[in-house]
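Add 394 to a position in the sequence shown, counting from 1, and you land on the number used in the working numbering. For every residue, glycine included, the Cβ atom is placed at its ideal position computed from N, Cα and C. All remarks here apply to the structure that follows.
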Amino acid sequence: MLKSIQDSAFMRFFTPSHKKTIDAHLLSDDTTSRVIADTERFLSKLVDKADGRNQKRNLRRKQKEWTIKLRIQYKFIKLQINDSKYSSSPVHKRVTITIHRKYIKAENGVGAIKEAKIYFLKDGRSHVRSLKDSPQFRGIFYQLFRLDHAYVHGGKQVKTSLELLSNQEKQLSASYTDDIRLLVEEGKRYVETVKQFSIDGLIENRLIRIIQHTQKLQDDFHFLDFEERHTVRRMLREDIPKLLNMYLSLSLKHQLEQKENVFVSLSKMELTLITYTQSLEEVRLEHMNHLIRLQSKRYGADKN
Numbered sequence: 395m396l397k398s399i400q401d402s403a404f405m406r407f408f409t410p411s412h413k414k415t416i417d418a419h420l421l422s423d424d425t426t427s428r429v430i431a432d433t434e435r436f437l438s439k440l441v442d443k444a445d446g447r448n449q450k451r452n453l454r455r456k457q458k459e460w461t462i463k464l465r466i467q468y469k470f471i472k473l474q475i476n477d478s479k480y481s482s483s484p485v486h487k488r489v490t491i492t493i494h495r496k497y498i499k500a501e502n503g504v505g506a507i508k509e510a511k512i513y514f515l516k517d518g519r520s521h522v523r524s525l526k527d528s529p530q531f532r533g534i535f536y537q538l539f540r541l542d543h544a545y546v547h548g549g550k551q552v553k554t555s556l557e558l559l560s561n562q563e564k565q566l567s568a569s570y571t572d573d574i575r576l577l578v579e580e581g582k583r584y585v586e587t588v589k590q591f592s593i594d595g596l597i598e599n600r601l602i603r604i605i606q607h608t609q610k611l612q613d614d615f616h617f618l619d620f621e622e623r624h625t626v627r628r629m630l631r632e633d634i635p636k637l638l639n640m641y642l643s644l645s646l647k648h649q650l651e652q653k654e655n656v657f658v659s660l661s662k663m664e665l666t667l668i669t670y671t672q673s674l675e676e677v678r679l680e681h682m683n684h685l686i687r688l689q690s691k692r693y694g695a696d697k698n
């Protein structure tokens with residue numbers, strides 16, 4: 395694992411600036427988070443409204459602090475996001491994402507990414523970085539892939555394809571982020587995708603509960619030991635996506651046969667998270683007692 399991290403750092407050093415993934419902290423401010431969320435909602439609504447007619451469209455959504463432009467062509471889909479002069483973001487930026495239509499050029503079961511760049515000013519200099527592997531923008535890529543699919547097959551009328559689900563699994567497993575909040579957001583997005591396959595209610599409920607338990611760990615995640623943190627990250631990155639993707643790829647007959655096994659496996663994951671939550675509560679209590687003892691020594695001793 396250490397070697398892979400070292401190799402990644404080595405490759406990043408020799409990667410041209412415009413191909414380097416943007417540092418996550420530059421996208422972590424509240425304004426940028428709202429821009430990203432607004433863009434996802436905008437694209438998702440277009441997917442729901444799509445009727446399967448593959449037509450050219452130019453759309454624009456203007457807010458006080460940003461503008462979203464979308465261009466749908468027969469060969470590609472292009473998205474542009476620009477901060478306005480009124481933006482409260484500490485880093486003003488311009489985003490350009492272009493994907494090939496899947497029937498023109500596909501990669502991992504979805505339209506190949508032609509361009510994914512962010513241009514921004516920092517310290518009085520202009521910079522350009524790649525968004526292709528940015529965890530914060532995975533939701534936008536997912537909605538663009540859905541939009542491509544919806545403009546050929548329709549939106550609400552057609553379930554998400556296994557290819558799109560498989561692409562999400564690949565993105566999760568390839569994610570190098572250690573930020574548990576970002577992994578939880580990706581996990582929530584994956585679960586929302588899985589729900590479109592009309593899976594058994596017990597399995598769906600168990601997935602939702604796993605995400606809820608993981609969210610409870612976020613604030614004090616650093617108190618868990620190394621192995622526990624690794625287990626939670628692996629659960630979100632690999633274990634759940636691999637299990638559900640394989641399950642959903644089975645025929646209905648075999649899904650019925652494996653339903654109980656999948657439910658039991660997810661239940662064990664949930665129990666593991668509950669154990670970690672209880673462990674964190676004990677750590678918090680220990681810290682509380684330590685603070686009480688410390689304050690007692692500082693202020694309760696007889697100073698005479």
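Query                                                                                                                                                                    : Result
Pick helix, strand or coil for ASN502, following the three-state DSSP scheme.                                                                                            : coil
Would you call the segment 526 to 542 and the segment 597 to 607 in contact, with 3 or more CB pairs under 8 angstroms?                                                  : no
Could you give the distance in angstroms between the alpha-carbon of LEU653 and the alpha-carbon of GLU586?                                                              : Rather than Leu, the amino acid found at residue 653 in this sequence is Lys. Distance between the alpha carbons of LYS653 and GLU586: 19 angstroms.
Given this structure, state the Cα-to-Cα distance separating ASP477 from ASP614, to the nearest angstrom.                                                                : 33 angstroms
Please classify GLN606: does DSSP put it in a helix, a strand, or coil?                                                                                                  : helix
Check whether the segment 528 to 544 touches the segment 504 to 515, taking contact to mean three or more Cβ pairs, one atom from each stretch, closer than 8 angstroms. : yes
Opposite HIS684 in the DSSP bridges: which residues?                                                                                                                     : Bridge partners of HIS684: none, in fact.
If I follow the unbroken alpha helix (DSSP H) through TYR468, where does it start and stop?                                                                              : Run containing TYR468: none; DSSP gives neither H nor E here.
What are the start and end residues of each continuous beta strand (DSSP E) run of 3 or more residues lying completely inside the segment 504 to 568, in chain order?    : 507 to 516, 519 to 524
Among TYR641, THR666, LEU646, PRO635, which residue has its Cα nearest to the Cα of THR625?                                                                              : THR666
Taking the C-alpha atoms as reference points, what is the distance between SER565 and LEU688?                                                                            : With the sequence shown as reference, residue 565 is identified as Gln, and Ser is not the correct amino acid for it. Their Cα atoms are separated by approximately 46 angstroms.
Answer with buried or exposed for GLN551, where buried requires no fewer than 16 other C-beta atoms within 10 angstroms of its C-beta.                                   : Caution applies to GLN551, whose pLDDT of 45 falls short of 50 and renders its modelled position unreliable; the value that the coordinates give is listed next. Exposed.
Which residues does DSSP list as the beta-bridge partners of ARG357?                                                                                                     : This structure leaves residue 357 out entirely; the chain is present only between 395 and 698.
Can you tell me where the beta strand (DSSP E) holding ILE491 begins and where it ends?                                                                                  : 487 to 494
For HIS543, count neighbouring C-beta atoms within 10 Å of its own C-beta (all shown protein chains included) and say buried if the count is 16 or more, exposed if not. : buried
Using three-state DSSP, classify GLN590 as helix, strand or coil.                                                                                                        : coil
Helix, strand or coil for SER618 per DSSP?                                                                                                                               : The sequence shown places Leu at residue 618, not Ser. Three-state DSSP puts LEU618 in coil, outside helix and strand.
When you compare each of GLN449, ASP442, THR433 to ILE462 by their alpha carbons, which one comes out closest?                                                           : THR433
Between the alpha carbons of ILE597 and PHE657, how many angstroms are there, rounded?                                                                                   : 6 angstroms
Does the beta-carbon of LYS635 have 16 or more other beta-carbons within 10 angstroms, so that it is buried, or is it exposed?                                           : Here the sequence assigns Pro to residue 635, which means Lys is not the residue at that position. Buried is the call here.
Given this structure, state the Cα-to-Cα distance separating LYS456 from SER567, to the nearest angstrom.                                                                : 35 angstroms
Which residue or residues does DSSP assign as beta-bridge partners of LEU473?                                                                                            : LEU464, ILE491
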